[in-house]
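Notes follow once the structure below has been shown.
Number of protein chains: 4
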Amino acid sequence: MAYGGDDVTAQLQQVVREVFEHPTARVFPVTSGTAANALALSATCPPWGSVLCHDTAHIMNSEGGATSMFGGGAVMRGVGGSGFRMDPDALQTTLDAVRWRDPHHSQPAALSFTQPSDFGTIYTCAQISGLTEVSRSAGLRAHLDGARFANALVALGCSPADMTWAAGIDVVSLGATKNGALSCEAIVSFDDRIAEELVYRTKRSGHVTSKMRFQSAQMIAYLTDDLWLRLAANSNERMAQLAAGLRDLEVAFVNEPDVNMAFVRVSDDVATALERDLWFYRIGTGVIRFVTSWQTTQADIDATLELFAAAL
Amino acid sequence: MAYGGDDVTAQLQQVVREVFEHPTARVFPVTSGTAANALALSATCPPWGSVLCHDTAHIMNSEGGATSMFGGGAVMRGVGGSGFRMDPDALQTTLDAVRWRDPHHSQPAALSFTQPSDFGTIYTCAQISGLTEVSRSAGLRAHLDGARFANALVALGCSPADMTWAAGIDVVSLGATKNGALSCEAIVSFDDRIAEELVYRTKRSGHVTSKMRFQSAQMIAYLTDDLWLRLAANSNERMAQLAAGLRDLEVAFVNEPDVNMAFVRVSDDVATALERDLWFYRIGTGVIRFVTSWQTTQADIDATLELFAAAL
Amino acid sequence: MAYGGDDVTAQLQQVVREVFEHPTARVFPVTSGTAANALALSATCPPWGSVLCHDTAHIMNSEGGATSMFGGGAVMRGVGGSGFRMDPDALQTTLDAVRWRDPHHSQPAALSFTQPSDFGTIYTCAQISGLTEVSRSAGLRAHLDGARFANALVALGCSPADMTWAAGIDVVSLGATKNGALSCEAIVSFDDRIAEELVYRTKRSGHVTSKMRFQSAQMIAYLTDDLWLRLAANSNERMAQLAAGLRDLEVAFVNEPDVNMAFVRVSDDVATALERDLWFYRIGTGVIRFVTSWQTTQADIDATLELFAAAL
Amino acid sequence: MAYGGDDVTAQLQQVVREVFEHPTARVFPVTSGTAANALALSATCPPWGSVLCHDTAHIMNSEGGATSMFGGGAVMRGVGGSGFRMDPDALQTTLDAVRWRDPHHSQPAALSFTQPSDFGTIYTCAQISGLTEVSRSAGLRAHLDGARFANALVALGCSPADMTWAAGIDVVSLGATKNGALSCEAIVSFDDRIAEELVYRTKRSGHVTSKMRFQSAQMIAYLTDDLWLRLAANSNERMAQLAAGLRDLEVAFVNEPDVNMAFVRVSDDVATALERDLWFYRIGTGVIRFVTSWQTTQADIDATLELFAAAL
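Protein chains in written order, with our numbering: chain V, 223 to 534; chain L, 223 to 534; chain C, 223 to 534; chain D, 223 to 534.
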């Protein structure tokens with residue numbers, strides 16, 4: 223059976239319910255994180271609504287306006303906070319300033335977390351709960367962009383349930399591609415109304431593949447026997463080693479590298495020297511980004527630190 | 223002839239070309255400022271583009287996401303600057319940070335001025351030119367939201383051409399409703415590509431009324447014999463008198479009241495006392511907004527100042 | 223108070239409830255019929271839904287795709303039937319062929335009547351009820367495009383309630399412009415969910431005018447003391463006289479001119495001769511359209527018939 | 223490099239140019255046929271436009287309105303014709319009836335072929351050329367939905383160029399998934415304006431996967447050494463054998479099985495009997511659909527014919 227009507231996808235449904243300890247969770251495999259985020263939010267926020275997220279959120283800065291397109295003109299609004307995390311007071315201030323039910327003003331309808339943030343920091347479960355308590359009391363539902371979901375989970379040492387529905391999250395973008403899978407992401411919904419819309423929204427946006435079973439099979443393997451956690455643990459640990467080594471070299475960080483991403487401050491000369499042997503992004507002036515993966519080895523880290531020592 | 227195919231609308235076309243001193247300007251009467259802004263921008267910015275505007279722009283804060291809806295998911299991005307005006311350096315910084323032609327990032331395509339701003343301040347023609355020079359060199363076209371266009375014109379003492387196409391503006395939302403007319407706004411385009419799209423975009427959004435001739439007739443009268451300027455001059459002058467009187471009373475202003483709007487700081491007690499006899503908006507805590515109109519008389523101002531003196 | 227927050231619009235709300243004999247009806251004044259139709263349908267049909275209507279429906283053929291734009295990509299599907307009216311059996315066949323809940327297929331969600339049709343024919347109340355019984359049992363809600371609502375009402379001799387909610391209609395586009403008013407149309411909703419959405423949808427599409435009170439005042443006058451019915455009765459009666467005269471001249475009709483529109487078959491020579499003195503539309507080859515109005519007089523009809531007699 | 227910035231995708235670009243014998247063709251890998259079709263059309267038809275296609279086109283009937291969603295409200299209009307193919311005269315009649323440049327009427331902007339049709343029939347290259355000559359002279363561009371592109375190519379014995387740009391096609395949905403690949407489809411554009419838009423439209427709809435290289439690698443292998451043609455040839459030949467066998471059994475066909483699909487008329491009893499051992503779709507009453515694939519063997523066909531013989 224094509225288009226997700228197959229047994230493997232049905233089995234994935236069960237696996238997700240077990241892993242997330244939620245009896246009615248629904249899973250929708252898609253092929254990209256942008257699809258997962260924008261479709262999840264389009265089912266959560268009406269066209270006249272707004273999605274609140276941190277000023278640095280991936281959905282606002284790196285998806286070409288996908289949320290507004292799939293959202294029928296819904297807008298995104300930044301909420302400030304240090305550590306690339308929304309601050310509960312800033313959120314409360316934003317919500318207090320809303321003219322509710324006044325159609326001249328986009329009505330906040332969804333809160334979206336980037337977990338981990340695009341700058342490698344994470345919210346604790348308590349921080350997520352704290353924010354969703356504020357937003358929920360104003361009627362918003364909550365979305366978590368988990369392109370690196372497993373990395374956050376491992377760093378927090380909590381369960382998938384703890385970090386999502388138990389902390390007030392209604393719908394999750396569950397990424398596997400960055401942690402080893404092939405074009406394999408999924409939307410996990412804990413809210414029946416969201417799930418009902420996603421049945422239609424995924425298809426008409428071309429995100430229901432005919433051979434979905436191959437995505438579902440990957441996702442089952444990924445979620446089974448803690449494979450996802452072991453892969454994420456490797457990337458987090460390698461980053462911890464890299465960060466420790468860089469600190470020994472007195473390199474400064476833009477972020478706390480909570481997971482597998484570090485943003486470090488280096489001079490242009492150092493960056494240029496490193497570029498001969500390493501692959502990384504330059505983020506504006508004087509900052510470069512390192513990301514470790516499920517494949518990164520101890521030897522990779524050692525070699526990187528040696529190159530760093532030489533370049534400094 | 224219905225739907226703008228009439229002689230009066232044809233005559234308006236000529237009047238607009240004369241008043242704006244532009245031989246190929248095109249005019250599209252619509253019935254609201256939100257329609258004028260969002261439709262003009264939808265013809266200027268592609269769905270994957272972004273509209274840059276001041277953080278306090280009306281289009282971003284008070285139109286319920288209309289620009290994103292009509293724009294097919296185009297987003298709006300705030301540019302900072304004092305006096306409720308975009309700052310050229312802030313604009314340049316924003317443009318320098320863009321990853322051009324990278325589809326992960328909304329591509330800036332339009333710069334939108336709110337002239338006067340929602341806080342009663344105006345850009346000089348030189349300020350408009352300075353900003354459009356920056357934006358034009360990055361390929362953006364420019365829109366001016368002129369819900370109170372005539373008030374700005376009178377305050378600047380310049381011609382419609384000076385404040386628009388001669389300063390780099392491609393398309394204007396020309397408001398008449400706030401200055402005496404009835405559901406009478408218009409889009410004025412100096413760019414043929416924008417105008418071509420507006421033929422279709424206005425109709426399919428329900429903004430081509432069958433009896434357009436009654437809007438066109440109003441707009442012709444409005445633009446003839448300086449009626450629009452005389453009406454705006456009255457409201458600006460009354461506000462100048464009110465502001466002078468309030469300064470004598472040592473009332474503080476949030477803005478420079480360049481046109482017919484003042485935002486003044488008063489205690490809650492004073493605001494409550496004034497509300498018995500006056501009608502105004504409270505803007506957050508400790509600020510109230512006064513707007514004078516084409517109908518406001520010297521006696522109205524005197525009475526207001528007396529009430530103020532009593533309340534303080 | 224601007225934007226419909228005024229007393230006149232509040233009074234219109236009451237008038238509409240009385241005229242439609244519905245205690246919770248909600249009215250939304252807009253400035254065009256296209257706006258009324260497309261906004262009403264966007265609040266009735268989800269983006270993944272389809273609107274069923276007659277193959278000749280105005281919404282499908284003459285609004286530039288407005289329903290699909292405001293509907294976020296909702297599609298329109300034609301249902302056949304003679305007399306420019308949907309046929310219950312054709313509707314049933316269409317609904318029987320739907321693969322319900324299969325997201326590959328647009329899900330019918332709304333049935334839209336053009337009453338009168340663009341070809342001057344009307345549904346009886348029983349015909350409307352018969353069709354909505356079919357559609358309602360499949361879960362569709364029903365919309366009535368009443369650009370010439372009063373003309374149909376007068377022709378049927380029924381009450382507004384009879385022709386709408388009592389016959390299964392959930393939301394109406396109530397036109398007044400074609401029957402004497404100025405840019406004055408309204409959406410009347412009998413369904414709270416539709417009304418709730420319209421609060422936001424009307425504003426963000428630029429269809430909430432700041433001086434709405436002038437539309438509301440017109441609509442109150444229009445609905446009071448049977449003014450709307452008297453105006454419509456005049457146009458219907460004049461058409462009946464014209465049609466009788468044309469039949470005496472052995473002119474053939476495309477339609478039964480139930481209201482104030484006749485589509486008559488004439489040779490090109492006759493059409494050309496008539497065009498010297500009369501204004502009408504040519505509809506394809508060999509058919510011309512006549513419309514009478516609230517202003518048409520007996521003398522107009524006599525003169526038209528004389529011109530016809532001469533041209534034949 | 224992620225998101226298509228890799229060497230494999232660059233190589234695919236060259237392969238596509240060679241295979242299609244077009245020096246500036248551009249290829250955009252996506253993961254579903256719906257994405258390919260709707261995105262290609264959204265870059266070809268403006269929001270106020272219409273896409274003309276056969277009444278039975280896949281885009282109109284089986285993609286949940288994707289073309290209207292991505293098209294910003296663009297509509298689809300059916301054109302009749304026998305054999306599930308648009309008829310040139312019907313197309314000309316449709317175009318002649320258009321009120322060009324009248325914004326009340328959706329403006330035809332694209333012609334879309336389903337090749338092969340959803341009912342297993344194909345257009346010859348001359349038929350495609352004949353239709354695009356008609357549409358091109360009215361200013362339309364042309365799209366070909368080639369979910370089973372290779373099957374049509376093999377059946378026609380022509381080159382990819384013959385069936386596309388040389389026959390007036392501007393943009394193609396090139397399917398590989400149904401012919402053996404995994405979530406591997408592509409848009410191939412011969413028009414620079416379409417390609418420029420697709421850079422942004424693919425990303426913001428979530429159809430630019432980060433590991434695009436795995437799709438590109440599949441597509442390169444698919445297009446190399448005639449693999450795609452050999453796979454398609456197998457499915458076409460198996461269907462020819464099946465069809466010959468069924469004709470011997472005096473089974474009637476709805477279609478000419480030009481490629482690998484047959485729609486055959488059987489009684490309900492026969493269908494029920496066959497369902498015990500075979501997997502197929504029932505299409506309405508009395509018709510079942512058989513599809514052969516790149517994997518189907520001679521033995522499969524023999525077995526199927528035996529089951530048929532037994533069931534009849």
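All C-beta atoms in this analysis are idealised placements derived from N, C-alpha and C, irrespective of residue type, glycine included.
Supposed contact pair residue j and residue i - C-beta distance, whole angstroms, cut 8 Å
i                         : j                            : result
threonine 346 of chain D  : leucine 366 of chain D       : At roughly 13 Å, the Cβ-Cβ gap does not stay under 8 Å, so threonine 346 of chain D and leucine 366 of chain D are not in contact.
valine 586 of chain L     : valine 238 of chain L        : With chain L covering 223 to 534 only, the question about residue 586 of chain L has no answer from this structure.
valine 509 of chain V     : phenylalanine 485 of chain V : 5 Å
serine 411 of chain D     : alanine 247 of chain D       : 7 Å
isoleucine 442 of chain C : glutamine 233 of chain C     : 6 Å
Beta strand (DSSP E) segment containing residue i, residue limits
i                         : result
isoleucine 510 of chain L : 509-513
aspartate 367 of chain L  : 363-368
valine 249 of chain L     : 248-252
valine 486 of chain D     : 483-487
Residue span of the alpha helix (DSSP H) that contains residue i, given as start and end
i                            : result
glutamate 419 of chain C     : 414-426
glycine 352 of chain V       : 347-359
aspartate 470 of chain D     : 449-470
phenylalanine 436 of chain V : 434-445
isoleucine 523 of chain V    : 520-533
arginine 239 of chain D      : 229-241
valine 492 of chain V        : 490-497
Local Cβ density within 10 Å of residue i, reported as buried at 16 or more and exposed below that
i                         : result
tryptophan 322 of chain D : exposed
alanine 260 of chain L    : buried
arginine 426 of chain C   : buried
aspartate 499 of chain D  : exposed
glutamine 440 of chain V  : buried
leucine 471 of chain D    : exposed
alanine 279 of chain D    : buried
proline 269 of chain L    : buried
aspartate 480 of chain V  : buried
glutamate 285 of chain L  : buried
serine 424 of chain D     : Residue 424 of chain D is actually threonine in this sequence, not serine. So threonine 424 of chain D counts as buried.
arginine 415 of chain C   : exposed
alanine 332 of chain C    : buried
aspartate 311 of chain L  : exposed
threonine 519 of chain D  : exposed
alanine 224 of chain D    : exposed
threonine 507 of chain V  : exposed
Please list, in chain order, the residues of the segment 351-363 of chain D that have any C-beta partner in chain V closer than 8 Å.
none
My parser needs the alpha helix (DSSP H) runs of 4 or more residues fully inside the segment 264-334 of chain D; what are they?
280-283, 288-292, 310-318
Return the chain-ordered ranges of every beta strand (DSSP E) run that is complete within the segment 363-410 of chain D and spans a minimum of 3 residues.
363-368, 393-397
Contacting positions in the segment 314-333 of chain V - beta carbon closer than 8 Å to chain C
Arg323, Pro325, His326, Gln329
Using a Cβ-Cβ cut-off of less than 8 Å, give me the residues of the segment 297-312 of chain C that come near chain D, in sequence order.
Val297, Met298
Taking beta-carbon pairs under 8 Å, can you tell me which members of the segment 398-420 of chain C lie near chain L?
Thr399, Lys400, Leu404, Ser405
Under 9 Å, CB to CB, which of the residues in the segment 245-257 of chain D have a partner in chain V?
Val252, Thr253, Ser254, Gly255, Thr256, Ala257
Just by C-beta distance, which residues in the segment 269-286 of chain V are closer than 9 Å to chain L?
Pro269, Trp270, Gly271, Ser272, Met282, Asn283, Ser284, Glu285, Gly286
Any C-beta of chain V within less than 8 Å: which residues of the segment 420-439 of chain C qualify?
Val421, Tyr422, Arg423, Thr424, Lys425, Arg426, Val430
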